[in-house]
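A.B. asks: Pasting a structure here, questions to come.
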Amino acid sequence: MDKAGFGILLDRIISLAVERSGGKLEAGDIGISLAIHERPLRAADPGPLSSVPSFSYRCDVPVYPASVVKLFCLHAFTAFEAMGRFTPDDEDRRAARAMITLSSNEATAFLMGRLTGAFDGPCLDDDALTEWLRARHGVQNWLTGLRRPEFRDINVLHATYEDSPYGCAYQARSRSPGNRLTARACLALMHDIARGAAASPAWMMELMDRSRERRAFAETGIPPEGDQVRGFLGEGMPESTLLWSKAGHTSWTRHDLVYAETAPGPSFVACVMTDSRWSAADTTLFPDIGRLIHEAVLEDGHDLA
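As structure tokens, then:
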């Protein structure tokens, strides 16, 4: 795909979004990043994202990431273990599995405490809260220290919650910026995991494998617990396309980060982020965006062949 080809795809996506939403989801509410490969990324490492062609729209605009931030938490989990900074036990691994496969908020809060030493708890006085916040910045400080341009302007500071944080985690919201990610940062992380350049990539890919959810839905017609396919990009892709992903959803956001391997051979990493109450409530647009991206990838692969 060249710049013109991505422009055509982008026009299709934005036109669909505006038409479907009646103008409630506009071009300025969407961020997209995409990287396409001739072969499965897992089998042929092309190097870091900076060394391969990628295409983006509003990719550097930081937005509230919802549960996509959980993949960055998992990234810290595996990296801290590899560095000897963190020694996980079976309960930590159980929590990590729930955090990604089921998108568990409870597991995420537990692991943010384990990784930083700053656990959720009751309200604290000013001095104690300052110390708590200093510790809680452990994951963010590590990400900043990597000095990756793709990770500029992101914040990975807080856990995720079903309705609201409580106690010191709630207090922290007035003293510390909220979580923020960009489509480019998400694309870069998934690209590294899929090509095997992150710590424990096989385990992380196992946790993001959506074949179980797709199989369960095909057999029962009922979305399984924690389903991250229905209502997201993967729903619009054929069953023959292998899918790994981490979705995010709140009452005002809907995001999806996927790595996909098509049956004909090309693979791609894509991140779509929307900041809109309309898209948060809608479950039809993202599958159609996934279909458009998938079709564009195969058209590009056909041209290459």
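Heads up: the sequence shown begins at 4 in the working numbering, then just goes up one per residue. For glycine and all other residues, C-beta sits at the position ideal for the given N, C-alpha and C. Just so we're clear, the structure is a prediction, and the values are computed from it rather than from any experiment.
1) Would you call residue 90 buried or exposed, if buried means 16 or more other Cβ atoms sit within 10 Å of its Cβ?
2) Kindly provide the ranges of any beta strand (DSSP E) runs that are 3 or more residues long and lie completely inside the region 35 to 120, ordered along the chain.
3) Can you check which of these residues, 104, 43, 258 and 199, is closest to residue 51 by C-alpha distance?
4) Sort out for me which residues DSSP pairs residue 263 with in a bridge.
5) Considering just the uninterrupted stretch of the alpha helix (DSSP H) at residue 148, what are its terminal residues?
6) What's the call for residue 14, buried or exposed, on a 16-neighbour Cβ count within 10 Å?
7) Kindly indicate which three-state DSSP category residue 33 falls into: helix, strand or coil?
8) Skipping 5 residues on each side, what residues in its chain have a beta carbon closer than 6 Å to that of residue 280?
9) DSSP state of residue 213, grouped into three classes?
10) Would residue 120 and residue 138 qualify as a contact pair, given that the criterion is a beta-carbon distance under 8 Å?
11) Excluding five sequence neighbours on each side, which residues of the same chain lie with their C-beta closer than 8 Å to the C-beta of residue 19?
12) Can you give the Cα-Cα distance for residue 213 and residue 182, rounded to whole angstroms?
13) What residue from 205, 37 and 239 has the CA that sits closest to residue 217's CA?
C.D. replies: This is what the structure gives:
1) exposed
2) With a minimum length of 3 residues, the continuous beta strand (DSSP E) runs that stay inside the region 35 to 120 are 58 to 60.
3) 199
4) 246 and 271
5) 141 to 148
6) exposed
7) strand
8) 255
9) coil
10) yes
11) 288, 291, 292 and 295
12) Approximately 25 Å between the Cα atoms of the pair.
13) 239
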